[in-house]
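Undergrad:
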Amino acid sequence: MNLEPQLRPYPTRRTVLKTAATAALAVPLLSACVTSGTKDSGGGTEQGEKTTDNPLGVKTDAPLEVVVFKGGYGDDYAIKAETQYTQHYPKAKVDHKGLQKVGEAMQPRFVAGNPPDVVDNTGAGRLDIATLVSAGQAGDLTDLLDAPAFDVPGKKVRETLLPGVVDDGTFGGSTVALNFTYTVWGVWFSKPFFEAKGWTYPKTWAEMLALCETIKKAGVAPWTYQGKYPEYINDPLLSMAAKVGGKDLIKAVDNLEPGAWKQDGLVQAATAFAELAGKNYLMSGSEALSHTEAQAAWCQKKAAFIPCGSWLESEQKGVAPAGFDMVMGAVPALTASDKQPVAAVQAASSESFLVPSKAKNQAGGKEYLRMLFSKASATEFAKANSTLPAVAGATDGLTLSSGLGSVRDAVVAAGDNTFTYRFRTWYAPLAKAVDDATGELVNKRISPADWSTRIQKAADALAKDATVTKYTR
Amino acid sequence: MRHGRWRFLLGALVPALVLHVVFVLSPYAQAFYLSLTDWTGVAGEAHYVGAGNYARLGGDSLFLDAVRNNAVMLVVVPFVTIAIGLGLASLLRKGRGAGGYQIVYFFPQLLSLVVIGVLWGFVYNPNTGLLNSGLRAVGLGSLAQSWLAEPVFALAAVMAVLVWSSVGFYVVLFRAAIDGIPPELYEAALLDGAGAWTTFRRITVPLVRETVQVAFVYLGIAALDGFAVVQVMTVGPGGPDGATEVIGLSLYRNAFTYGKFGYASAMGVALFFATLTLAVLALRAGRRERLELA
Amino acid sequence: MTVLREKPVLTAAPAEVGVRKNRINPLPQVAMLCWAVVTALPLLWAVVSSVKSDDEILNSPWSLPASPHFDNWARAWTSANIGRYFLNSLIVVGGALLLTMFLGALVAYALARYDFRGNRLIYYTFVAAMFFPVFLALVPLFFVVQRLGLLGTYPGLILVYAAYAVPFTVFFLHAFFRTLPSEIAEAAFLDGCSHGAVFFRVMLPLARPGLTAVGIFNFLGLWNQYLLPLVLNPDPDRYVLAQGLAALSVSQGYRSDWGGLFAGLTIAMLPVLVAYVAFQRHIRAGMTAGAVK
Numbered sequence: 013m014n015l016e017p018q019l020r021p022y023p024t025r026r027t028v029l030k031t032a033a034t035a036a037l038a039v040p041l042l043s044a045c046v047t048s049g050t051k052d053s054g055g056g057t058e059q060g061e062k063t064t065d066n067p068l069g070v071k072t073d074a075p076l077e078v079v080v081f082k083g084g085y086g087d088d089y090a091i092k093a094e095t096q097y098t099q100h101y102p103k104a105k106v107d108h109k110g111l112q113k114v115g116e117a118m119q120p121r122f123v124a125g126n127p128p129d130v131v132d133n134t135g136a137g138r139l140d141i142a143t144l145v146s147a148g149q150a151g152d153l154t155d156l157l158d159a160p161a162f163d164v165p166g167k168k169v170r171e172t173l174l175p176g177v178v179d180d181g182t183f184g185g186s187t188v189a190l191n192f193t194y195t196v197w198g199v200w201f202s203k204p205f206f207e208a209k210g211w212t213y214p215k216t217w218a219e220m221l222a223l224c225e226t227i228k229k230a231g232v233a234p235w236t237y238q239g240k241y242p243e244y245i246n247d248p249l250l251s252m253a254a255k256v257g258g259k260d261l262i263k264a265v266d267n268l269e270p271g272a273w274k275q276d277g278l279v280q281a282a283t284a285f286a287e288l289a290g291k292n293y294l295m296s297g298s299e300a301l302s303h304t305e306a307q308a309a310w311c312q313k314k315a316a317f318i319p320c321g322s323w324l325e326s327e328q329k330g331v332a333p334a335g336f337d338m339v340m341g342a343v344p345a346l347t348a349s350d351k352q353p354v355a356a357v358q359a360a361s362s363e364s365f366l367v368p369s370k371a372k373n374q375a376g377g378k379e380y381l382r383m384l385f386s387k388a389s390a391t392e393f394a395k396a397n398s399t400l401p402a403v404a405g406a407t408d409g410l411t412l413s414s415g416l417g418s419v420r421d422a423v424v425a426a427g428d429n430t431f432t433y434r435f436r437t438w439y440a441p442l443a444k445a446v447d448d449a450t451g452e453l454v455n456k457r458i459s460p461a462d463w464s465t466r467i468q469k470a471a472d473a474l475a476k477d478a479t480v481t482k483y484t485r
Numbered sequence: 053m054r055h056g057r058w059r060f061l062l063g064a065l066v067p068a069l070v071l072h073v074v075f076v077l078s079p080y081a082q083a084f085y086l087s088l089t090d091w092t093g094v095a096g097e098a099h100y101v102g103a104g105n106y107a108r109l110g111g112d113s114l115f116l117d118a119v120r121n122n123a124v125m126l127v128v129v130p131f132v133t134i135a136i137g138l139g140l141a142s143l144l145r146k147g148r149g150a151g152g153y154q155i156v157y158f159f160p161q162l163l164s165l166v167v168i169g170v171l172w173g174f175v176y177n178p179n180t181g182l183l184n185s186g187l188r189a190v191g192l193g194s195l196a197q198s199w200l201a202e203p204v205f206a207l208a209a210v211m212a213v214l215v216w217s218s219v220g221f222y223v224v225l226f227r228a229a230i231d232g233i234p235p236e237l238y239e240a241a242l243l244d245g246a247g248a249w250t251t252f253r254r255i256t257v258p259l260v261r262e263t264v265q266v267a268f269v270y271l272g273i274a275a276l277d278g279f280a281v282v283q284v285m286t287v288g289p290g291g292p293d294g295a296t297e298v299i300g301l302s303l304y305r306n307a308f309t310y311g312k313f314g315y316a317s318a319m320g321v322a323l324f325f326a327t328l329t330l331a332v333l334a335l336r337a338g339r340r341e342r343l344e345l346a
Numbered sequence: 005m006t007v008l009r010e011k012p013v014l015t016a017a018p019a020e021v022g023v024r025k026n027r028i029n030p031l032p033q034v035a036m037l038c039w040a041v042v043t044a045l046p047l048l049w050a051v052v053s054s055v056k057s058d059d060e061i062l063n064s065p066w067s068l069p070a071s072p073h074f075d076n077w078a079r080a081w082t083s084a085n086i087g088r089y090f091l092n093s094l095i096v097v098g099g100a101l102l103l104t105m106f107l108g109a110l111v112a113y114a115l116a117r118y119d120f121r122g123n124r125l126i127y128y129t130f131v132a133a134m135f136f137p138v139f140l141a142l143v144p145l146f147f148v149v150q151r152l153g154l155l156g157t158y159p160g161l162i163l164v165y166a167a168y169a170v171p172f173t174v175f176f177l178h179a180f181f182r183t184l185p186s187e188i189a190e191a192a193f194l195d196g197c198s199h200g201a202v203f204f205r206v207m208l209p210l211a212r213p214g215l216t217a218v219g220i221f222n223f224l225g226l227w228n229q230y231l232l233p234l235v236l237n238p239d240p241d242r243y244v245l246a247q248g249l250a251a252l253s254v255s256q257g258y259r260s261d262w263g264g265l266f267a268g269l270t271i272a273m274l275p276v277l278v279a280y281v282a283f284q285r286h287i288r289a290g291m292t293a294g295a296v297k
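The listed protein sequences derive, respectively, from chains A, B and C. According to our numbering, the stretch in the first sequence is residues 13 to 485, in order. According to our numbering, the stretch in the second sequence is residues 53 to 346, in order. According to our numbering, the stretch in the third sequence is residues 5 to 297, in order.
1) So, for residue 213 of chain A: in the same chain, excluding its five sequence neighbours on each side, which residues have a beta-carbon less than 6 Å away from its beta-carbon?
2) Taking DSSP's pairing of strands, which residues face residue 199 of chain A in a bridge?
3) Do the CB positions of residue 80 of chain C and residue 54 of chain C come within less than 9 Å of each other?
4) For residue 233 of chain A, which beta-bridge partners are listed by DSSP?
5) When DSSP builds the beta bridges, which residues end up paired with residue 448 of chain A?
6) When the cut-off is 9 Å and only beta carbons count, does residue 153 of chain B lie next to chain C?
7) From what residue to what residue does the beta strand (DSSP E) around residue 168 of chain A run?
8) Interface residues of chain A around residue 62 of chain C at Cβ under 9 Å?
9) Between the C-alpha atoms of residue 178 of chain A and residue 361 of chain A, what's the straight-line distance to the nearest angstrom?
10) Could you pull out every unbroken alpha helix (DSSP H) segment of at least 4 residues lying fully inside the region 87-113 of chain A, listed in chain order?
11) Do you know how far the Cα of residue 170 of chain B is from the Cα of residue 71 of chain C?
12) Could you give the DSSP three-state label for residue 29 of chain C: helix, strand or coil?
13) Using a Cβ cut-off of 7 Å, pull out every chain B residue sitting near residue 479 of chain A, in sequence order please.
14) Would residue 365 of chain A pass as a contact of residue 190 of chain A if the rule is Cβ separation under 9 Å?
15) Between A/344, A/346, A/303 and A/348, which has its C-alpha nearest residue 327 of chain A's C-alpha?
16) Residue 282 of chain A and residue 438 of chain A: beta carbons closer than 9 Å?
17) Could you give the distance in angstroms between the alpha-carbon of residue 231 of chain A and the alpha-carbon of residue 250 of chain B?
18) Using a beta-carbon distance cut-off of less than 8 Å, what residues from the region 249-275 of chain B approach chain A?
19) Which one of C/200, C/282, C/85 and C/206 has the shortest CA to CA distance from residue 56 of chain B?
20) Is there at least one Cβ from chain C nearer than 9 Å to residue 169 of chain B's Cβ?
21) For the alpha helix (DSSP H) containing residue 6 of chain A, list its first residue and its last residue.
22) Looking at the strands, I want to know which residues DSSP matches up with residue 191 of chain A.
23) Does any CB atom of chain C fall closer than 9 Å to the CB of residue 174 of chain B?
24) With which residues is residue 100 of chain B paired in a DSSP beta bridge?
25) When the distance is taken between beta carbons, is residue 267 of chain B closer than 9 Å to residue 137 of chain B?
26) Are the C-beta atoms of residue 52 of chain A and some chain C residue less than 9 Å apart?
27) Taking 7 Å as the limit between beta carbons, can you name the residues of its chain near residue 208 of chain A, skipping five residues before and five after?
28) Helix, strand or coil, according to DSSP, for residue 10 of chain A in the structure here?
29) List the residues of chain B whose Cβ lies closer than 7 Å to the Cβ of residue 133 of chain A, in chain order.
30) Which residues in the same chain have their Cβ closer than 7 Å to the Cβ of residue 184 of chain A, if we skip the five residues on either side of it in sequence?
31) Below 7 Å on C-beta distance, what does residue 49 of chain C contact in chain B?
32) Could you please give the first and the last residue of the uninterrupted beta strand (DSSP E) stretch that includes residue 77 of chain A?
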């Protein structure tokens, strides 16, 4: 049922009802971890000899315990990797648990110092990773990243992952989690619908505005958005800004630098979206529609474009009419001098696997992840779940649905030009301030200048607030 | 027998008292202490910050929005609900089919505010909702609004739902109070040639005054809440841009999304004093009137 | 009303003649009917929408379904988990209601019929809690429940529900037990009944009308409880109905399903409405006894 929380890498407001409970669960649960979290690593007692065939030094007869979140993706993909593991190490006994409430079940184990060897820390009720890290409970995965990839000769594990995946699992300089799925954000449309009308997806914002005029004349609303949750319209706005200002712009924003929200790129992007709203290219009523309502209106071709992440296709299964064949495009470039190419996309990974620092069979846990993150295993996963895995090239040669295919193409086209803002996960109150301001902006109640002033004020207040833990990138 | 008396009393009172102390009284007491700390839920890491959280409340624009909205609700919701409730109750006194009407009026009272919030969310939908499509169907399409997304209408839309959901209860309550008024008074008024409005003002209102006061306290407490409807129904929730933010929602978000438990507790304490003030004011107003009458 | 509307001169002319002759003022009837429509229409609309297809719901909100889609209900019950939430609600509310009534009646009886030092103090300790906003207790309550290891469990919810319902029950039944005649109890004591036996065999049966009324109030309050489970019951498998519906309306799970959501709303509404129509006399009697007094 609840695919959403796994698909969306950072907490969004529409999942707040569910994730609020998660946050509530995660924070206090870990209090116990923190108090008992001595930094000495009691784990890793089961260690074998490192060889080329066994680069992580797995003790071949040590038992391995794997705990997997059994949510929208099921846990078959994890079981397949376990089978792989026992084929390799026939003497090892693998204990598998597929759980819905990872946090609830694992918290006492962490406190008691006997966590399993691999934990898929995902879903509503997961443990807060930042707290796990500060409690010294999440093991460093550097040796896994530098080990040879399982089925890609000549490459290290690190080199087989999509851009950003290692960063997403890095906290305070050490990589402690590997995320298995990959989410990309963009602007969606129905390919056959556009072909029938003779519309082409625009590369630049000027083209976008011109096309919107054409679309409007054809009696279709150019855009709709999930107005009840303004973060959805934020994504393309911030993506556009990131293209104009490059990764430095993102860094300044995430590091709460003074004047970060007054950067040209952000103001220009806000102006662009104010213009989109000012020309009435947003379907009327969108501002009050929930994500399902806006997406349904879009599927009924009442609007041509909708911003969303790559989970949209599976979310609209059964709502999108046959032959709707939705595809995702990268957010158009605003200026000719954008610092990132038009193909750049906002992307982030989720479905977070970690090896606890107190796990007995750490080597085995990492070896298991090496197999799970192999190309063959990732390909199986993509086939079964129509979701992009975090392993590069995993979907090569597969026949994909139109939506997933377009997402894969976008990732390939972007190459190294993927980016993500971290402030949403780091500073939830700032995320709310941004969402509120953007909602006002696209409803023509504030100007782009007001927009940036307001958010800057919220960011400054946060930067000054000594009670908030700060992160930098 | 004395021995059995004490044994029975202990057995009767102790379990409930334990439950009460553990789950009701101790949390209330702890909230006051927590509100003076910066606790984030990590054990042993609560630092005493004095009135810091309270000082911060004054600079939290979203919280101030919430206070403003709750204040508006506190004035409007009880007043409108009681006006409609009292009006309908006195109409029901003589109206035909009163019993049936009363049953229907009471329906919303039976439903969870979540159900009501979800339902009215659909009613208010700007494009396919019951309200706007109804307006369009009768040629009033120009009145159709994006009810929950326009700052000027959003809070009114929330208050309308709260009034809608509570009127029925007060109709029944006031009806019972009116039925307690001796019919001779009405007959005498009739003989004096008093009109319906005069009778209502001179007989009904004064004689159900105490019930109205009770209703004010209940409705005031409900108006200081509003959490469920706002959280389920509004844009954001609490939006657009804080237009429907309520204290409960701010508190909930700060505690369970941001992990600022100390700060959230300070909001709880503020809400507690608001409720207390309301109750005291209502009771004192009641006493003064009684003195004046005497 | 019509009688009051006119202003007869102070002659002895019989009122009925005047009524018949004068125009009957239609306003009161219209006003009452209007509010009935305002109240009933959204509810009816939800029921009708629960058997419409998604397409009909989105495109013609006022029309009746071309053919009723009862499969919406089946889907809501099974794949949207309404069935499970319903069962969870039954377990939690049932357990909490029994506990509340048992403890509340005992306390109310002990405080109403026995004189001892601290009696008033205990009474006010309970009753004062009725007027505190639950929001104040919310954060510490969460940690109390969590430290007891009861977070997201049925017993945890049942205990907390009961703890928050007992004060009202005590308040309500205290007054009720005071009004009961003491002769029967005295006779029972003379017959050698213990204190417990007097309570269970004599006083409780006598208090049945009061118990019924407060039981119904408690049931409604607990059944519709949202804030407490939202905070204390984070496990989707144990969601109660209100919580499940809220989650459903926000995420609607894997795919959008309006028919299913309306069916879920209807499933949540109907049992209480039917129960109300069946019990409405008791409820009104209870309200008259409890609130107007």
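A virtual CB, placed ideally from N, CA and C, is assigned to each residue, including glycine. In this text the structure is predicted, and so the values were computed from the model without any measurement.
TA: In short, the structure shows the following:
1) 341
2) A/319 and A/341
3) yes
4) A/315
5) Residue 448 of chain A is not bridged to any residue.
6) yes
7) Premise fails: residue 168 of chain A is in no beta strand (DSSP E) and is neither H nor E.
8) 305, 308, 309 and 312
9) 9 Å
10) 88-100
11) 25 Å
12) coil
13) 90
14) yes
15) A/303
16) no
17) 58 Å
18) none
19) C/200
20) yes
21) Only positions 13 to 485 of chain A appear in this structure, which leaves residue 6 of chain A out of reach.
22) A/364
23) yes
24) B/89
25) yes
26) Confidence in residue 52 of chain A is poor, its pLDDT being 43 and thus under 50, which makes the residue's placement too unreliable to answer from.
27) none
28) Summary: the structure shown does not reach residue 10 of chain A, with chain A confined to residues 13 through 485, and so no result is reported for it.
29) Near residue 133 of chain A there are no residues of chain B at all, since even the closest Cβ is about 18 Å away, more than 7 Å.
30) 145
31) 182
32) 76-81
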